[in-house]
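**Q** Mind looking over this structure? Questions follow.
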Ligand SMILES: Nc1ncnc2c1ncn2[C@@H]1O[C@H](COP(=O)(O)OP(=O)(O)OP(=O)(O)O)[C@@H](O)[C@H]1O
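In the working numbering, the protein residues as written are 15 to 268.
Okay, structure coming up:
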C-alpha cells in the first residue's frame, strides 16, 4: 500500500444550523487523482478548502506529511499553501491585469524567486501546456480553456505536490473540458504529484483514479443515498440521509 501524505480525521464544520462537513475521514496518497462529487451545497468546496488549509474545521484534523495543518496559525498555513499546494479554481485566482507569464511567475516570486528566473521557469510551463506565443496576453485576451491552462501552470510552477482544483472545467465546453483535464492530469498525477478535484461532471470525475461523493457533509464511496441513520452531529438539522463513511483505508464503515 502506498503511503498517506494528506489525511483528514473526523472533520466537522457547520455554518449556523447547517452542516458542511460531518465527521469526514479521508486518506490521500501520492500520485492519486481524487474526484469529489455531490449535489450543490453538499460540502465539496468546504472539504477541499479544509484539506488545503484555507478553511478551519470546527473539530477534527488535517495532516500533511506529518504536519498538523489544523494546528498551524494563519501565517504558517499561508506559507504551506504557497510552497506545497497549488490551486486551480473555476475563476477568480488569475489576476486579469497581468499577462499569462506574469500570473505564473507571481507564484514563484511570492516564494522569493527573482523575477528573471521566475519568468524563465514560467515560460517553460506555459509552453508545456500549449501556450507558447501567448505569454504576453492578458487573461481577458485568452479563451476560458487557455486561461485554465495558465492557472494549471501557476499551480504547478512552484513544484506543488498537491493541486486542489474546484470545478476547473466548470465554465468550459466538453471538448475544451477534456483538453484541460488532460493538461491538469499530465501536470499533476502524470508527474507523480496529487490532484484533488471537485466537480459536478461525471466525465471529468471518470478521468480521475478515484471518485468520492459528498452527501449532506458526509463523505462516501457511493453516489446514491440510503435511509437516515445515526451519524448526524447532535443538534444539527440537516434532514439528512446517511451513507457509509470511509475508514482510514478507504473502506466503507457503517
Ligand atoms: N462561508 C459560508 N457561510 C455560510 N454558509 C456556508 C459558507 N460556505 C459554505 N456554506 C454552506 O455550507 C454548505 C456546503 O457548502 P459548499 O460550498 O461546501 O458546498 P458544495 O457542495 O461545494 O456546493 P456547490 O456545488 O454549490 O459549490 C452549504 O449549505 C453552504 O450554503
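Cβ coordinates follow ideal geometry from the N, Cα and C atoms, glycine included. A quick note: this is a predicted structure, and the numbers were derived from the prediction, not measured.
1. Would you say residue 307 and residue 35 are within 8 Å of each other, going by their C-beta atoms?
2. Throw me the rounded Cβ distance for the residue 50 and residue 212 pair, which I believe falls under 8 Å.
3. Since residue 76 and residue 84 should fall inside the 8 Å C-beta cutoff, what is the C-beta to C-beta distance between them, to a whole number of angstroms?
4. Rounded to whole angstroms, what's the CA-CA distance from residue 32 to residue 73? Just pull it up for me.
5. Any heavy atom of ligand 1 within a distance shorter than 7 Å of the CB on residue 34?
6. Expressed to the nearest angstrom, what Euclidean distance is found between the alpha-carbon atoms of residue 92 and residue 192?
7. Tell me the start and end of each unbroken beta strand (DSSP E) in the segment 57 to 97 that is at least 3 residues and wholly inside, in chain order.
8. Excluding the 5 residues flanking residue 135 on each side, which residues of the same chain have their C-beta closer than 7 Å to its C-beta?
9. For the alpha helix (DSSP H) holding residue 121, just list the boundary residues, first then last.
10. For a test of your reading of the model: does the CB of residue 228 fall under 7 Å from any non-hydrogen atom of ligand 1? Yes or no.
11. Looking only at its chain, what residues have a beta carbon closer than 6 Å to the beta carbon of residue 110, apart from the 5 residues adjacent to it on each side?
12. When DSSP labels each residue in this structure, what does residue 244 get in the three-state scheme?
13. For residue 118, I'd like the list of residues in its chain whose CB is within less than 7 Å of its CB, leaving aside the five on either flank, ordered along the chain.
14. Tell me whether residue 58 counts as near ligand 1, meaning its Cβ is closer than 7 Å to at least one heavy atom of that ligand.
15. Would you mind reading off the limits of the beta strand (DSSP E) that contains residue 190?
16. Spell out the partners DSSP gives residue 224 in its beta bridges.
17. Curious, which full-length alpha helix (DSSP H) runs of at least 4 residues does the segment 142 to 185 contain?
18. Is residue 54 near ligand 1, with its Cβ less than 7 Å from a heavy atom?
19. Between residue 25 and residue 215, what straight-line distance do the alpha-carbon atoms span, to the nearest angstrom?
**A** Answer, in terms of the structure:
1. Since the displayed the chain opens at 15 and closes at 268, residue 307 lies outside it and no answer follows.
2. Indeed, because the Cβ distance is near 5 Å, the residues count as touching under 8 Å.
3. 5 Å
4. 15 Å
5. yes
6. Cα-Cα distance, rounded: 31 Å.
7. 73 to 78, all fully within the segment 57 to 97.
8. Excluding residues within five positions, the ones whose Cβ falls inside 7 Å are 122, 171.
9. 114 to 123
10. yes
11. Cβ neighbours of residue 110 beyond the five flanking positions: 153, 154.
12. Residue confidence is low: residue 244 scores 32 on pLDDT, short of 50, so the model does not pin down where it sits. Its coordinate-derived value is still stated next. Three-state DSSP puts residue 244 in coil, outside helix and strand.
13. 136, 139, 140, 164, 167, 168, 171
14. For ligand 1, at least one heavy atom lies less than 7 Å from the Cβ of residue 58.
15. It is not in any beta strand (DSSP E) - residue 190 instead sits in the alpha helix (DSSP H) that spans 188 to 201.
16. 48
17. 158 to 170
18. yes
19. 25 Å
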